[in-house]
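So the structure is just underneath, and the comments pick up after that.
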Amino acid sequence: MMTSTMVKTNINRKHRFFSGICLLTVLFLVLALTGCKANQPRDFKTIAADGSMTPPQKVEEILSGMSLEEKVGQMILAGVTGKELDPTAQGLFDRYHFGGVVEFDFNMETIPQVQSLNEQLQKVGGEKLPLFIAIDEEGGQVARMRHALTPPPSQLSIAQSGKPELAKEWAMKISPKLKELGFNTNFAPVADLGSFKDRHYSNNPKIAADFVEQAAIGYEESGMLYSLKHFPGIGRGKTDTHKDTVVVDATLEQLNDADVAPFVRVINRNTNDKQMIMVSHVVYSKVSGQIPASLSPEIMTKLLRERLGYKGIIITDDMGMGAVSRHYKPGDAAVASVMAGADVVMSCHIYENQKETAEALLSAVRSGKISEERINESLRRIIRAKLNLAAPRMGLIIKRSLDE
1 MMTSTMVKTN INRKHRFFSG ICLLTVLFLV LALTGCKANQ PRDFKTIAAD
51 GSMTPPQKVE EILSGMSLEE KVGQMILAGV TGKELDPTAQ GLFDRYHFGG
101 VVEFDFNMET IPQVQSLNEQ LQKVGGEKLP LFIAIDEEGG QVARMRHALT
151 PPPSQLSIAQ SGKPELAKEW AMKISPKLKE LGFNTNFAPV ADLGSFKDRH
201 YSNNPKIAAD FVEQAAIGYE ESGMLYSLKH FPGIGRGKTD THKDTVVVDA
251 TLEQLNDADV APFVRVINRN TNDKQMIMVS HVVYSKVSGQ IPASLSPEIM
301 TKLLRERLGY KGIIITDDMG MGAVSRHYKP GDAAVASVMA GADVVMSCHI
351 YENQKETAEA LLSAVRSGKI SEERINESLR RIIRAKLNLA APRMGLIIKR
401 SLDE
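Numbering follows full-length UniProt numbering, with no gaps: position 243 of the sequence shown is 243.
Below, the structure written as structure tokens:
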């Protein structure tokens, strides 16, 4: 017969046994959940804000969490056809993970509408990495939504003042307005020596370089990513690459002595992660035969990367322009451009071309024609620039007021 003491002892033993089991179960669940959480890739914002990491460490962590499709998509800057994000565009962004978008007057009607469009774009396309949302706000005849934004003067008229600091002032004046609309990238300033529509500062290399450098400083101090264009300079061209092939017969030495001077001035500032350089579609026949600069390893890799030491993003001009589209299929042009050294291929007007560009690049990587390490090289430059945009004062968050 069991005594009451023995019964109590057995009950206590059972209680301790089950308590121990419960405690072990809880500990196991906590460890499992903690382990799962630790193994989950962190999002871009979390990594960007991590003060314990160096910039290269942030880049590598972000890169390691990306699929091939996401990587390739980051190398395409697309466009949308209307004033809101239509289902076709949304489907393309969902499927191909485009890294950016450029907008034109046909995308822009009112300030609230543009803010809403850019908010939609960041929500749909910026899930993994924030989008480059770009605009051509050069000033003069190349300016968007004039009825709501006061355009800067043309570059030529700014240069006629004889005061390079005015280029900086105008860059700092327009940047906050663009950022308030949701843009983080301006495809300006024009660094060509002479161009159409008063888009250039000067035909003189030193004068042009002085003004281009000041504009660059203004954009950098305002937290706006900017793009020098159109490397290595289209001022010698007599016709328009929007329509068809433009041939310039300058030698490499002639280009180095004059045309590339404004680009070199800014490259040597060592702020390459805060800028892009847009490469033109001009054919420089004495440098790369009959190949447009945007498809030329001699121009993009040998000259811009190796000889001039540029470490930032190389972006093509729009591949839908006649100088390329009349002679190359979209996919073929995109693959050739990346193989030649481009980091971002711009395809901004025709949805089918954007799809073909993405599919061709993916196919080229999967087949081994382009190595994934080559893709990673471009992604590191893109991620560095986007981390800069996520830093304080750079403002990827869209504000709702233009009162300032």
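By construction, the Cβ of each residue, glycine as well, lies at the ideal position given by its N, Cα and C atoms.
query: From Lys197, Val338, Val324, Arg269, residue whose alpha carbon lies closest to that of Glu298; result: Val338
query: Proximal residues to Ala261 (C-beta, below 6 Å), its chain only, five neighbours per side dropped; result: Pro205, Ala209
query: Best match in Asp318, Thr245, Lys302 for proximity to Val283 [C-alpha to C-alpha]; result: Thr245
query: Cβ pair residue 430, Gly331 closer than 8 Å; result: Nothing can be reported for residue 430: it is not among the residues displayed for the chain, which extend from 1 to 404.
query: Closest by C-alpha distance to Ala216, when choosing among Leu295, Leu308, Trp170; result: Trp170
query: Element boundaries [alpha helix (DSSP H), containing Phe196]; result: Taken as a continuous stretch (DSSP letters only), Phe196 belongs to no alpha helix (DSSP H), as it is neither H nor E.
query: 3-residue-minimum beta strand (DSSP E) runs that sit fully inside the stretch 271 to 357, ordered along the chain; result: 275 to 279, 313 to 316
query: Backbone secondary structure at Glu103 - three-state DSSP; result: strand
query: Continuous beta strand (DSSP E) stretch holding Ala250: start and end; result: Looking at the DSSP string, Ala250 is not in any beta strand (DSSP E), and its letter there is neither H nor E.
query: Cβ shell of Lys386 (< 7 Å), same chain only, five flanking positions each side left out; result: Leu129, Pro130
query: Among Glu137, Phe104, Glu127, Gln122, nearest to Tyr226 - alpha-carbon criterion; result: Glu137
query: Status (buried if at least 16 other CB within 10 Å, exposed otherwise) for Phe106; result: exposed
query: Three-way DSSP call (helix, strand, coil) for Asn118 in this model; result: helix
query: Distance, Arg380 Cα to Ala390 Cα; result: 15 Å
query: Beta-carbon spacing of Met75, Val345 below 8 Å; result: yes
query: Supposed contact pair Ala134 and Leu77 - C-beta distance, whole angstroms, cut 8 Å; result: 7 Å
query: Own chain partners of Phe183 with C-beta closer than 6 Å, once the 5 adjacent residues on each side are dropped; result: Ile133, Ile135
query: Residue closest to Glu213, alpha-carbon to alpha-carbon, out of His242, Ala358, Val190; result: Val190
query: Candidates Asn270, Arg269, Leu308, of which the one nearest Leu255 by Cα; result: Leu308
query: Given Leu149 as reference, the closest of Gln155, Pro112, Leu166, Asp43 once Cα atoms are compared; result: Pro112
query: Alpha-carbon to alpha-carbon, Phe211 and Val72; result: 35 Å
query: Where Ile133 falls: helix, strand or coil (DSSP); result: strand
query: Distance, Met276 Cα to Asp259 Cα; result: 17 Å
query: Exposure of His147, with buried meaning 16 or more beta-carbon neighbours within 10 Å; result: exposed
query: Interface flag, Leu193 vs chain B, CB-CB below 8 Å; result: The structure shown contains no chain B, having only a single protein chain.
query: Beta-carbon spacing of Pro152, Ile174 below 8 Å; result: yes
query: Expected contact under 8 Å - CB spacing of Thr316 and Ala342 to nearest Å; result: 5 Å
query: Distance, Lys177 Cα to residue 430 Cα; result: The chain is shown from 1 up to 404; residue 430 falls before or after that span and cannot be answered.
query: As assigned by DSSP and simplified to three states, the class of Leu63; result: helix
query: Anticipated Cβ contact below 8 Å, Met278 with His230, distance rounded; result: 6 Å
query: Sequence-distant residues of its chain with Cβ nearer than 8 Å to Asn388 (five each side left out); result: Leu225, Asp273, Lys274, Met394
query: Ile234 - containing beta strand (DSSP E), residue span; result: Element bounds for Ile234: n/a, residue is neither H nor E.
query: DSSP-derived helix/strand/coil call for Asn186; result: strand
query: With 16 other Cβ atoms within 10 Å as the buried cut-off, status of Asn270; result: exposed
query: Alpha-carbon spacing of Glu61 relative to Ile383, whole angstroms; result: 10 Å
query: Which listed residue (Lys311, Ser294, Gly289, Leu361) has its alpha carbon closest to that of Val266; result: Lys311
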